[in-house]
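Sequential numbering of the sequence shown, starting at 2, is according to my numbering.
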Amino acid sequence: MQSPRDLDQVIAASIRNSEQSGELRQIPGWGKPLELDESYAATPAELRMPYKILKDAGCVPAEVEMMKTLAVLRAELAELEAESPAWQAKQRQVQQLALNISLQMERLRSGG
(Lines of atoms letter the chains of each structure in order from A and count residues from 1; the text may use other names and numbers.)
(Lines give C-alpha, C1' and ligand atoms only; values in the text may rest on other atoms or scores of the structure.)
Protein backbone atom coordinates (compact mmCIF):
# COMPACT_ATOMS: atom_id res chain seq x y z
CA MET A 1 0.00 0.00 0.00
CA GLN A 2 1.32 3.44 -0.91
CA SER A 3 1.89 5.99 1.78
CA PRO A 4 0.09 9.34 1.49
CA ARG A 5 3.45 10.99 0.78
CA ASP A 6 4.14 8.58 -2.12
CA LEU A 7 0.64 9.16 -3.44
CA ASP A 8 1.14 12.94 -3.28
CA GLN A 9 4.33 12.54 -5.32
CA VAL A 10 2.56 10.41 -7.93
CA ILE A 11 -0.23 12.98 -8.22
CA ALA A 12 2.25 15.87 -8.47
CA ALA A 13 4.20 14.05 -11.20
CA SER A 14 0.98 13.37 -13.13
CA ILE A 15 -0.03 17.04 -12.93
CA ARG A 16 3.46 18.14 -14.08
CA ASN A 17 3.30 15.73 -17.04
CA SER A 18 -0.15 17.00 -18.03
CA GLU A 19 1.02 20.59 -17.71
CA GLN A 20 4.16 19.98 -19.81
CA SER A 21 2.24 18.15 -22.52
CA GLY A 22 -0.25 21.02 -22.83
CA GLU A 23 -3.14 18.76 -21.88
CA LEU A 24 -4.24 21.08 -19.05
CA ARG A 25 -4.43 24.10 -21.33
CA GLN A 26 -7.20 22.40 -23.29
CA ILE A 27 -9.50 22.33 -20.29
CA PRO A 28 -12.34 24.90 -20.50
CA GLY A 29 -11.67 27.74 -18.10
CA TRP A 30 -7.90 27.15 -17.99
CA GLY A 31 -6.17 30.10 -16.38
CA LYS A 32 -9.42 31.71 -15.24
CA PRO A 33 -10.64 31.98 -11.65
CA LEU A 34 -13.12 29.36 -10.53
CA GLU A 35 -16.72 30.52 -10.58
CA LEU A 36 -18.12 29.38 -7.27
CA ASP A 37 -21.78 29.97 -6.59
CA GLU A 38 -23.08 30.97 -3.17
CA SER A 39 -24.08 27.38 -2.36
CA TYR A 40 -20.39 26.46 -2.27
CA ALA A 41 -19.70 28.89 0.56
CA ALA A 42 -22.90 27.85 2.33
CA THR A 43 -21.86 24.19 2.31
CA PRO A 44 -19.84 23.17 5.36
CA ALA A 45 -16.20 22.61 4.38
CA GLU A 46 -16.21 18.99 5.50
CA LEU A 47 -19.18 18.22 3.19
CA ARG A 48 -17.89 19.92 0.04
CA MET A 49 -15.84 16.98 -1.20
CA PRO A 50 -18.44 14.29 -0.42
CA TYR A 51 -21.15 16.40 -2.11
CA LYS A 52 -18.87 16.97 -5.13
CA ILE A 53 -18.32 13.21 -5.42
CA LEU A 54 -22.07 12.60 -5.22
CA LYS A 55 -22.72 15.29 -7.84
CA ASP A 56 -20.11 13.89 -10.22
CA ALA A 57 -21.64 10.42 -9.78
CA GLY A 58 -25.07 11.77 -10.70
CA CYS A 59 -26.42 11.38 -7.17
CA VAL A 60 -27.84 13.92 -4.81
CA PRO A 61 -27.58 14.18 -1.03
CA ALA A 62 -30.36 12.62 1.03
CA GLU A 63 -31.57 16.09 2.06
CA VAL A 64 -32.22 17.02 -1.56
CA GLU A 65 -34.20 13.82 -2.12
CA MET A 66 -36.22 14.59 1.00
CA MET A 67 -36.96 18.11 -0.28
CA LYS A 68 -38.12 16.72 -3.62
CA THR A 69 -40.40 14.28 -1.82
CA LEU A 70 -41.75 17.12 0.33
CA ALA A 71 -42.61 19.12 -2.80
CA VAL A 72 -44.52 16.15 -4.22
CA LEU A 73 -46.40 15.64 -0.94
CA ARG A 74 -47.34 19.32 -0.81
CA ALA A 75 -48.64 19.17 -4.38
CA GLU A 76 -50.70 16.09 -3.50
CA LEU A 77 -52.00 17.85 -0.38
CA ALA A 78 -53.14 20.82 -2.48
CA GLU A 79 -55.25 18.47 -4.61
CA LEU A 80 -57.15 17.04 -1.65
CA GLU A 81 -60.32 18.40 -0.10
CA ALA A 82 -59.31 20.51 2.91
CA GLU A 83 -59.82 18.91 6.31
CA SER A 84 -60.90 15.57 4.81
CA PRO A 85 -59.40 12.44 6.43
CA ALA A 86 -57.11 11.98 3.40
CA TRP A 87 -56.02 15.64 3.64
CA GLN A 88 -55.31 15.27 7.36
CA ALA A 89 -53.22 12.13 6.79
CA LYS A 90 -51.25 13.83 4.01
CA GLN A 91 -50.80 16.94 6.18
CA ARG A 92 -49.25 14.76 8.90
CA GLN A 93 -46.86 13.28 6.32
CA VAL A 94 -45.89 16.77 5.15
CA GLN A 95 -45.30 17.98 8.70
CA GLN A 96 -43.24 14.92 9.66
CA LEU A 97 -41.05 15.14 6.57
CA ALA A 98 -40.58 18.91 7.01
CA LEU A 99 -39.50 18.27 10.60
CA ASN A 100 -37.08 15.53 9.49
CA ILE A 101 -35.55 17.88 6.92
CA SER A 102 -35.17 20.63 9.50
CA LEU A 103 -33.47 18.25 11.93
CA GLN A 104 -31.15 16.93 9.23
CA MET A 105 -30.20 20.45 8.13
CA GLU A 106 -29.52 21.44 11.73
CA ARG A 107 -27.30 18.38 12.17
CA LEU A 108 -25.36 19.37 9.07
CA ARG A 109 -24.97 22.98 10.26
CA SER A 110 -23.74 21.87 13.66
CA GLY A 111 -21.27 19.42 12.16
CA GLY A 112 -23.09 16.34 13.39
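For each residue, glycine too, the CB sits at the ideal point set by N, CA and C.
Please state if the CB of Leu74 and the CB of Leu104 are separated by a distance shorter than 9 Å. By the CB criterion at 9 Å, Leu104 and Leu74 fall outside the cutoff.
Close beta carbons around Lys91, own chain, < 8 Å, minus the five adjacent residues each side: The beta carbon of Lys91 sits closer than 8 Å to the beta carbons of Leu74, Glu77, Leu78 and Leu81 from its chain, once the five residues preceding and following it are set aside; these are given in chain order.
How big is the Cα-Cα spacing for Asn101 and Tyr52? The straight-line gap from Cα to Cα measures roughly 20 Å.
Three-way DSSP call (helix, strand, coil) for Asp89 in this model: Looking at the sequence shown, residue 89 is not Asp but Gln. Reduced to three states, the DSSP call for Gln89 is helix.
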